[in-house]
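*Asks:* In terms of our numbering, the sequence shown is numbered consecutively and its last residue is 80.
Note that the Cβ used here is the ideal one computed from N, Cα and C, for glycine as well.
These numbers were taken from a predicted model, which means no experiment stands behind them.
First, the structure itself, so that you have it in front of you.
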Amino acid sequence: MPTGSAQLLSVPVPVKIDNKAIGQVTLVSGGTETVAFSLTSAQTNSLAAGQHTLAVSFSGDGTYQPSVFTQQITVT
5 MPTGSAQLLS VPVPVKIDNK AIGQVTLVSG GTETVAFSLT SAQTNSLAAG QHTLAVSFSG
65 DGTYQPSVFT QQITVT
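Structure representation (structure tokens):
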């Protein structure tokens, strides 16, 4: 993405594990996005071993439609 072409989306994007809010990220618009974040031990220690669903959902704004990304994660 060329420098200066990006802009912040108008709303923060909630991140959930198993439908429980664990925080928010702010996305930058302007092309294909990659969002990276890490989970603290306080956020993951309470997760039981096994499969969990990570969800990032954008409610939409004046420019972009709502969207939801989900990913299965495994706690060992």
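1. Using a 10 Å radius around the Cβ and a threshold of 16 neighbouring Cβ atoms, would you call Val72 buried or exposed?
2. Ignore the nearest five residues each way along the sequence and tell me which others in Lys24's own chain have a CB closer than 6 Å to its CB.
3. Let me make sure I understand the geometry here. Which of Ala59, Asp65, Thr78 has the alpha-carbon closest to that of Ile26?
4. Around the C-beta of Val19, are 16 or more other C-beta atoms found within 10 angstroms, so that it is buried, or is it exposed?
5. Between the C-alpha atoms of Ser45 and His56, what's the straight-line distance to the nearest angstrom?
6. Quick check on Ala53: does DSSP put it in helix, strand or coil?
7. Nearest-angstrom Cα distance between Thr67 and Thr74?
*Replies:* So, from the listed chains and residues:
1. Counting other Cβ atoms within 10 Å of its Cβ, Val72 stays below 16 and is therefore classed as exposed.
2. none
3. Out of Ala59, Asp65, Thr78, Ala59 has the C-alpha closest to the C-alpha of Ile26.
4. Val19 is buried by the Cβ-count criterion.
5. 15 Å
6. coil
7. Each residue's CA atom was taken as its position, placing Thr67 and Thr74 some 22 Å apart.
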